[in-house]
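Residue numbers (the numbering used here): 4 to 141. All remarks here apply to the structure that follows.
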Amino acid sequence: MKFQHQRRLRFERRGRQGAVTVEMAFCIPILLFLFVASADVIRYNLLRNMVAQAAYEGARTALVQGATIAEVQGAVDDTITAFNPRLSYDVTIDPATLPTLAATIRVTVDCDLSSDGWIVMGKFLDSQISHSIEIQNQ
């Protein structure tokens, strides 16, 4: 009895020898896609936070008495190029000349991510990121 049971297990094992290969052929591309897509979503979130930080750094620079538009632009440039020097972006500072008296200053950073993504960015996520900081100069 025991001998017949072992023989039956060997027969079942032989019939499934190619099943693992076929299952791996289906699963590996899906797992690889999920891994790269999740890395791309993480990168998108990092870029979004970096744009917000660049706008914040520009606004803080604009608060300094006697600051110029070039210094604000430089602060934004330093923050963005530290993370990704190839990124294309625009900086808008309102008002165009920084006031010396109490006023509201707005720094807006618009960034195009369409050329910077791998899989998800530009296809499934928004490729334009914009962040604006409004700060009161006192």
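Positions of the beta carbon are idealized from the N, C-alpha and C atoms, including for glycine. Computed from a prediction, not measured in an experiment: that's the story for all the values here.
For R109, DSSP records a beta bridge to D97 and E137.
Beta-bridge partners assigned by DSSP to I132: C114.
When C-beta atoms of the segment 58-76 are compared with those of the segment 106-119, three or more pairs fall below 8 Å, so the two segments count as touching.
With fewer than 16 other Cβ atoms from the protein chains shown falling within 10 Å of its own Cβ, L37 counts as exposed.
The C-alpha of S133 lies about 7 Å from the C-alpha of V54.
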